[in-house]
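Please read the structure below before turning to the comments.
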Amino acid sequence: MNHEIFLRCHTRVLNANPAQKQGYRKSPPMPKHVLVLDTETTTDACQALNFGAYQFCEADSHGNYICREEGLLHADDLDTQQLEVLRQYLHVEHGSTAENRHRKLKLYSRSEFVEKVMYTAIQAGAAIVAFNLPFDLSRLAVEYRVARGAGRRGWSFVLFRYRHPKTGKWLPNTFRPRVQLRPKDSKAAFMRLAGGDMDQPYLLGRFLDLKTLVWALRNKSLSLESACREFNIPGKLDHTPSGRVTKEEIDYCRQDVRATVGLLNALLTEFRGYPVGELPPEKAYSAASIAKAFLGTMGVIPPQQKFQLADDTLGICMQAYYGGRAEIRIRHTPVPVVYTDFTSQYPTVNTLLGLWSMLTAERLQVYHATREVRALLESLTLDQLFDPSTWPKLTFFALVQPDGDIVPVRTVYGDGQASNQTNIGLNPLTSEKAIWFAGPDIAASLLLGHKLPKILRAIRFETIGAQKEMKSVKLGTGCIDPYRDDFFRKVIEERKGKGKTDPLYYFLKTIQRS
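Laid out in C-alpha cells, this is it:
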C-alpha cells in the first residue's frame with residue numbers, strides 16, 4: 278500500500294542577523310506589584326463577562342504578595358438589577374487588605390477597570406496574574422482580531438476604547454495597547470502588549486498564567502482547585518456558578534482571587550528555590566523551559582549557538598528525529614499482558630548514549646563512519662544491548678534504503694485521513710528514496726525485523742575539547758560539576774533519594790522529562 282510519509286527538515290532564515298536574537302529581557306524575576314484577577318461569566322455559549330474581582334498586591338520583604346487594594350468590576354452593559362446587587366454588597370462587605378482588614382471595596386465598570394486599574398498597573402510594571410489568564414483577558418476584551426504573521430495563529434484583544442465625540446460610537450483607543458495572545462499548546466500561550474501611543478514608553482507587559490507555571494513545575498495540567506490541593510493552599514468555595522450576580526457568586530469569585538494569590542506565593546517560593554538563573558516565571562512555559570534555564574545557570578551554551586555545523590548536517594539530524602511513537606504488534610485481540618514501565622527513561626538513555634560529553638563539548642567534528650557502522654550492525658545482538666558499553670556505539674546517523682525494514686514512519690493513519698493528522702508508528706517501510714535514521718532506531722529495526730537494513734552512508738560526531746567557563750551548580754544535597762559529572766546520571770541519583778513530599782522531587786522529575 279502506497280502512503281505519503283512526512284520527514285522533518287532543517288530551515289535557515291536567509292540573511293538573518295544572529296545579533297537580533299535576544300534572551301530574557303533584563304528585569305526582576307518578579308515585579309514589586311501584581312494585579313491578580315478573576316472573572317465570572319454568563320452560563321450560555323457566549324460566556325460573556327458578568328463581573329469580576331481583583332486584588333492589587335505588593336511583595337513583602339520575603340517576596341510574598343499581600344493585598345493592598347481589593348475590588349470588583351462589572352460588564353459595561355450589566356442590567357440595573359444585577360448592578361444593584363454589587364452596590365449593596367459593597368455596603369456590607371469589606372476588602373481583605375493587609376494593613377486594614379476593613380478597607381472599602383472598590384467597584385468599577387469594565388471600561389473603568391481596564392483604564393484606571395489595569396493600565397495603571399501595567400505602566401507601573403506590575404504583572405497581570407490569573408489562573409487560565411487567556412480566558413480572563415478574552416472576557417475583558419471588547420473585540421478581537423486574528424493576529425497577523427506566525428501563521429495567523431492567535432488573537433489581538435482590544436481592551437481600551439473611547440466614544441467618538443461626533444458620532445457617539447465606541448471605537449478602539451489607538452493610544453492604548455492591545456494584548457496579543459498566541460497559543461503555544463493546550464497548556465501555555467505567549468502574551469504581550471502591542472501597539473498604542475508610540476510617544477509613551479514601549480512596554481511588552483508581564484502576563485503570568487498560573488495554570489502554565491503549575492504545568493512547568495509539576496508536569497500536570499491542573500484546575501485551580503486541584504492546584505491549591507497540590508500546594509496545600511485554601512481553595513475554591515463549594516458553589517456552582519449561576520451566571521447571575523448574587524452574593525454567593527461574588528463570594529465565590531473573591532475566594533478564587535484569594536486562592537490565586539495564595540497559589541502564586543506558593544509557586545514562587547518553590548520556583549525561587551531552583552537554580553534557573555534569570556528565567557522569569559512567566560517564561561516558564563514547560564519542563565523544557567526549566568531544564569533549559571538550569572543548563573544556562575550551569576553555563577552550558579546551547580548547541581545551536583556553540584557548534585558550527587553545516588546546514589546539510591543539521592538536515593540529516595532533523596530528518597532522523599521522530600520523538601515519541603506507538604507500536605502495537607497484536608491488534609483487536611484480547612491477550613494476557615504484563616504492565617511494565619521505565620524509571621527515568623529519557624535521562625537513562627541519554628546517559629547510556631554518552632550525550633552529556635557531546636552537549637558540553639567545545640566543538641563537534643563530523644566524520645564518515647560507513648564501514649564502522651556496517652560492521653557494528655552485522656555483529657549486534659540483543660544481549661550486547663544489556664552491556665552499557667555498547668550504547669555509545671549507537672550514536673550515529675545512517676542513510677538507509679528501506680526495503681521492508683521496521684522503522685519509525687510519520688504518516689496519516691486511519692481516522693486521521695479526514696483531517697490530514699499525522700502520527701508516528703513503527704511499520705515495515707519500503708521506499709525508493711533513501712532516508713536518514715538515527716543509530717538506536719536502526720538497531721531496533723535489526724532486532725525487530727531480523728534483517729540488516731541496507732546502509733548507504735553513515736556519519737558520527739567526534740567531540741573536541743570541553744566548553745570553557747562552565748560552573749558547578751548545587752542540586753539537592755550535592756552539586757553537579759559539568760566537567761566531572763554526567764548531568765543526566767546525577768539527576769536520576771538525586772531524585773532516587775527524594776520523597777514525593779519534597780518539592781525538589783518534582784523539579785528533578787520535571788527536568789528529567791524535558
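Counting from 1 along the sequence shown, just add 277 to a position and that's the residue number in the numbering used here. For each residue, glycine too, the CB sits at the ideal point set by N, CA and C.
Comparing C-alpha distances from E639 to each of A743, T537 and V577 shows the shortest one belongs to A743. Boundaries of the beta strand (DSSP E) around M468: A466 to A471. Within the same chain, Cβ atoms closer than 7 Å to the Cβ of S498 are found at K464 and W492, the five residues on either side in sequence being excluded.
Rounded to the nearest whole angstrom, the CA to CA distance from A561 to I567 is 6 Å. When secondary structure is reduced to three states using DSSP, S386 falls in the strand class. The continuous beta strand (DSSP E) containing Y439 extends over residues R438 to R440.
Here the segment 707–724 does not lie against the segment 609–618, with fewer than 3 beta-carbon pairs under 8 Å apart. Annotated as proximal: E526 and P518, with beta-carbon spacing under 8 Å. The closest CA to that of R459, considering only Y439, R422, L480 and A735, is found on R422.
In the three-state scheme derived from DSSP, where H, G and I count as helix and E and B as strand, D315 is classed as strand. In the structure shown, the three-state DSSP call for P665 is helix.
Checking the DSSP bridge columns, you'll see N292 has no partner listed. The criterion of a C-beta distance shorter than 8 Å is not satisfied by I593 and A543. Within the same chain, G554 come within 6 Å of G573 by CB-CB distance, once the 5 residues on both sides are set aside. Remark: C-beta atoms of T787 and L540 do not approach each other more closely than 8 Å. Between H310 and the set S621, R602 and L485, the nearest pair of CA atoms involves L485. For the options M747, L729, N704 and L706, the alpha carbon positioned closest to that of G716 is the one of L729. Counted as a single uninterrupted DSSP element, the beta strand (DSSP E) harbouring C344 occupies residues Y342 to H351. Taking a 10 Å sphere around the C-beta of Q332, we find 16 or more other C-beta atoms and assign the residue as buried. Boundaries cannot be given for Q585, as no beta strand (DSSP E) includes it and DSSP labels it neither H nor E. If you draw a straight line from the Cα of D413 to the Cα of N704, it comes to about 45 Å. For F764, the enclosing alpha helix (DSSP H) begins and ends at F764 to K773. D533 and D315 have their C-alpha atoms some 7 Å from each other.
Taking one beta carbon from each stretch, the segment 656–675 and the segment 622–631 have 3 or more pairs nearer than 8 Å; the two touch. Under a 10 Å Cβ-count criterion, Y760 is classified as exposed, with fewer than 16 other Cβ atoms of the shown protein chains found around its own Cβ. Annotated three-state conformation of Q332 is strand, per DSSP. L657 sits close to L723, with the two beta carbons spaced by under 8 Å. Rounded to whole angstroms, the Cβ separation of E604 and R483 is 44 Å, and the two are not in contact under 8 Å.
The DSSP-derived three-state label of T754 is coil. Comparing alpha carbon positions, the residue from V419, N697, Y644 and R521 closest to T357 is R521.
Going by DSSP, R416 is part of no beta strand (DSSP E) but of the alpha helix (DSSP H) stretching over L410 to L417.
Cβ atoms of T546 and L487 stay farther apart than 8 Å, at about 13 Å.
By the criterion of a C-beta distance shorter than 7 Å, C334 is surrounded in its chain by H310, V311, V313, Y342, I343, C344, R345 and V538, once the five residues flanking it on both sides are discounted. The beta carbons of L586 and L636 sit about 14 Å from each other, so the pair does not count as a contact at 8 Å. Taking a C-beta distance under 8 Å as the contact criterion, E347 and G329 do not qualify as a contact pair.
Considered as a whole, the segment 505–550 harbours 524–549 as its complete alpha helix (DSSP H) runs of no fewer than 4 residues, in chain order.
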